[in-house]
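Visitor:
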Amino acid sequence: VGNSSLLRAGMCKALDPVKNDNTTETSAADPAGTIAEALKARAVRSGELAGLGPDEADTAHTRVAAALRSIAKNTNRTPVIVVDQLEEVFTLNQPGATEPGRFFELVCELVERADVPLKLVLSFRTEFRGELFELERRLARHTHHYMVGPMGEPALEEAIEGPSWIESYGFGYETGFARR
38 VGNSSLLRAG
48 MCKALDPVKN
58 DNTTETSAAD
68 PAGTIAEALK
78 ARAVRSGELA
88 GLGPDEADTA
98 HTRVAAALRS
108 IAKNTNRTPV
118 IVVDQLEEVF
128 TLNQPGATEP
138 GRFFELVCEL
148 VERADVPLKL
158 VLSFRTEFRG
168 ELFELERRLA
178 RHTHHYMVGP
188 MGEPALEEAI
198 EGPSWIESYG
208 FGYETGFARR
């Protein structure tokens with residue numbers, strides 16, 4: 038069972054939908070752009086522009102911050118952004134690329150701003166933690182670390198089968214599949 042399965046079937050599922058407005062994205066090479074596009078798409082789908090103009094796809098920090106404030110105001114919930122597989126910002130870019138720095142600056146600005154309601158979850162493989170030390174150091178007073186420990190059999194079964202319980206994914210397993 039991979040980190041993504043645990044994240045999506047475990048933590049994301051456990052977030053209280055009454056209190057939290059969850060957006061889960063896979064990092065890709067440009068996580069700052071991924072977040073901006075996800076917020077823009079969410080705003081367009083909901084009919085509110087959430088601070089982003091309908092033809093604007095830039096990742097300006099002020100636009101992302103405005104989108105998060107708008108989501109919080111219009112839903113009465115705290116925006117939660119989950120960035121899965123953050124290591125992709127390193128593995129899909131050449132050394133010296135600007136994308137990691139753009140993402141780190143966006144994260145720092147959003148987390149450090151008192152006027153932006155936000156919970157941010159960054160999921161990455163532990164061998165990339167060294168690449169994130171500077172970000173971790175800068176945001177230390179806002180950070181909570183959670184290490185995933187060993188799982189028992191029932192939790193493993195739920196992590197495997199959990200995504201199949203989400204109707205929009207459109208698939209399922211045979212009864213007892215995870216116990217094999």
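The end of the sequence shown is residue 217 by this note's numbering, with every number in the run present.
Built from N, CA and C at the ideal position, the CB exists for glycine as well.
When you compare each of VAL153, ALA51 and ALA215 to ALA109 by their alpha carbons, which one comes out closest?
Guide: Comparing Cα-Cα distances from ALA109 to each of VAL153, ALA51 and ALA215, the minimum goes to VAL153.
Visitor: Taking the Cβ atom as the reference point for each residue, do GLU168 and PHE127 lie within a distance shorter than 8 Å?
Guide: Going by C-beta atoms, GLU168 is nearer than 8 Å to PHE127.
Visitor: Using only CA atoms, which one of ARG106, LEU76, ARG174 and GLY213 lies nearest to GLU190?
Guide: Checked all of ARG106, LEU76, ARG174 and GLY213; the closest Cα to GLU190 is GLY213.
Visitor: Could you check which residue in GLU164, ALA69 and VAL119 has the C-alpha nearest to that of LEU155?
Guide: Out of GLU164, ALA69 and VAL119, VAL119 has the C-alpha closest to the C-alpha of LEU155.
Visitor: Distance, Cα to Cα, ARG175 vs GLY138?
Guide: The alpha-carbon atoms of ARG175 and GLY138 are separated by roughly 13 Å.
Visitor: Does ILE72 pass the burial test, meaning 16 or more other C-beta atoms within 10 Å, or should it be called exposed?
Guide: That one is buried.
Visitor: Between ALA102 and LEU44, is the Cβ-Cβ spacing less than 8 Å?
Guide: The answer is no: Cβ separation not under 8 Å.
Visitor: By how many angstroms is the C-alpha of ASP121 removed from the C-alpha of GLU136?
Guide: Those two C-alpha atoms are separated by around 16 Å.
Visitor: Under the three-state reduction of DSSP, which class applies to GLU61: helix, strand or coil?
Guide: Here residue 61 is Thr; the residue named in the question, Glu, does not match the sequence. Reduced to three states, the DSSP call for THR61 is strand.
Visitor: Taking the alpha carbon of SER177 as the reference point, which residue from TYR210, LYS77, CYS145 and GLY199 has its own alpha carbon closest?
Guide: In the sequence as presented, Ser is not what sits at residue 177; that position holds Ala. When each option's Cα is compared against that of ALA177, the closest is CYS145.
Visitor: For the alpha helix (DSSP H) containing LEU147, name the first residue and the last one.
Guide: Counting along the chain, the alpha helix (DSSP H) containing LEU147 begins and ends at 136-149.
Visitor: Compare the C-alpha of ALA69 against each of GLY47, MET48, GLU204 and GLU142 and name the closest.
Guide: Checked all of GLY47, MET48, GLU204 and GLU142; the closest Cα to ALA69 is GLU142.
Visitor: How many whole angstroms separate the CB atoms of GLU198 and TYR210, which I take to be in contact at a CB cut-off of 8 Å?
Guide: Contact holds; Cβ gap of about 6 Å.
Visitor: According to DSSP, simplified to helix, strand and coil, what is ARG212?
Guide: Looking at the sequence provided, one finds Thr at residue 212 rather than Arg. Looking at THR212 - three-state DSSP - the assignment turns out to be coil, as it is neither helix nor strand.
Visitor: Thinking just about the alpha-carbon of each residue, which of GLY133, LEU129 and LEU172 is nearest to the one in GLU149?
Guide: Looking at the Cα atoms, LEU172 is the closest of the given residues.
Visitor: Do ASP58 and ARG106 have their beta-carbon atoms positioned less than 8 Å apart in this structure?
Guide: Contact flag unset, no.
Visitor: So, using beta-carbon positions, are GLU124 and PHE165 closer together than 8 Å?
Guide: Going by C-beta atoms, GLU124 is nearer than 8 Å to PHE165.
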